[in-house]
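In UniProt numbering, the protein residues as written are 1 to 212.
What follows is the structure, given as structure tokens:
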């Protein structure tokens with residue numbers, strides 16, 4: 001794996017050889033180590049997929065000169081919101097706080113996106129918002145959600161082409177669970193999805209598996 005790969009002794013020796021004498025073919029590396037090409041094939045594949053080596057047909061293997069941290073950073077910059085976003089969970093801005101609580105419970109989410117009559121993003125409401133409203137003496141069935149929501153333009157959002165690592169930083173800095181994924185239009189912001197901490201965790205795990 002790119003982020004925490006632990007090279008075995010043979011893989012470390014391969015890197016040293018390629019770093020010193022690359023470009024060098026697999027057959028030449030095998031001769032240096034007194035091994036067969038078939039024996040080395042899995043190690044060369046791992047080192048190439050992990051990014052430590054670069055292979056070119058009829059030329060051989062090159063040492064990339066990149067550390068594990070550099071390789072991880074490069075791979076993180078390939079992950080975009082659009083590839084990992086999930087379906088948005090939204091309510092209309094006229095629904096009651098009581099109905100919003102029920103909807104949040106049934107959908108098992110931490111944040112609801114609130115849409116106006118045109119279907120555009122009007123605000124967001126979190127579990128904390130709903131909890132604060134329920135503690136008071138107000139009638140939750142008659143209290144509209146738009147009274148307690150965080151309104152635009154104070155909503156933090158992201159777009160499909162944004163990097164996941166950038167979104168992760170927003171979630172951490174804002175101390176929130178999810179962001180709406182939006183598309184900008186002349187009328188406002190259309191919600192096309194959501195990105196949560198769980199989405200980002202799954203993306204990082206999939207990255208790790210892809211590099212195995």
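Quick reminder that beta carbons are idealized off the backbone N, C-alpha and C, glycines included.
Residue i - partner residues in DSSP beta bridges
| i | result |
| --- | --- |
| residue 180 | 194 |
| residue 90 | 113 |
| residue 214 | Absent from the structure is residue 214, since the part of the chain shown begins at 1 and ends at 212. |
| residue 96 | 144 |
Burial state of residue i, where buried means 16 or more other Cβ atoms lie within 10 Å
| i | result |
| --- | --- |
| residue 123 | buried |
| residue 199 | buried |
| residue 43 | buried |
| residue 105 | exposed |
| residue 149 | buried |
| residue 131 | exposed |
| residue 22 | buried |
| residue 31 | exposed |
| residue 41 | exposed |
| residue 166 | exposed |
| residue 138 | exposed |
| residue 225 | Given a span of 1 to 212 for the chain in the structure shown, any question on residue 225 remains unanswerable. |
| residue 185 | exposed |
| residue 11 | buried |
| residue 39 | exposed |
| residue 135 | exposed |
| residue 35 | exposed |
| residue 126 | buried |
| residue 168 | buried |
| residue 201 | exposed |
| residue 90 | buried |
Own chain residues within Cβ distance below 7 Å of residue i, not counting five before or after
| i | result |
| --- | --- |
| residue 204 | none |
| residue 197 | 171 and 177 |
| residue 64 | 51, 52, 53 and 54 |
| residue 163 | 77, 79 and 80 |
| residue 103 | 91 and 112 |
| residue 142 | 96 |
Residues near residue i by beta carbon distance below 6 Å, same chain, minus five either side
| i | result |
| --- | --- |
| residue 84 | 199 and 203 |
| residue 129 | 148 |
| residue 88 | 113, 191, 193 and 194 |
| residue 59 | 23 |
| residue 8 | none |
| residue 17 | 29 and 32 |
Near the ligand SAH: residue i beta-carbon under 8 Å from a heavy atom
| i | result |
| --- | --- |
| residue 152 | Among the ligands in the structure shown, none appear at all, so the ligand SAH cannot be discussed. |
Other residues of its chain near residue i: CB distance less than 8 Å, five sequence neighbours each side excluded
| i | result |
| --- | --- |
| residue 56 | 23 and 62 |
| residue 156 | 170, 174, 176 and 179 |
| residue 146 | 93, 94, 114, 122 and 123 |
| residue 140 | 96, 97, 98, 101, 133 and 134 |
| residue 26 | 37, 40, 41, 44, 60 and 61 |
Residue-chain proximity (residue i, chain D), Cβ-Cβ < 9 Å
| i | result |
| --- | --- |
| residue 35 | In the structure shown, chain D cannot be found, because there is only a single protein chain. |
(request) Only counting runs of 3 or more residues, tell me where the beta strand (DSSP E) segments fall wholly within the segment 10–83, in order along the chain. (result) 53–56 and 60–63
(request) Give, in chain order, every unbroken run of the alpha helix (DSSP H) that is at least 4 residues long and sits entirely within the segment 105–181. (result) 127–135 and 164–174
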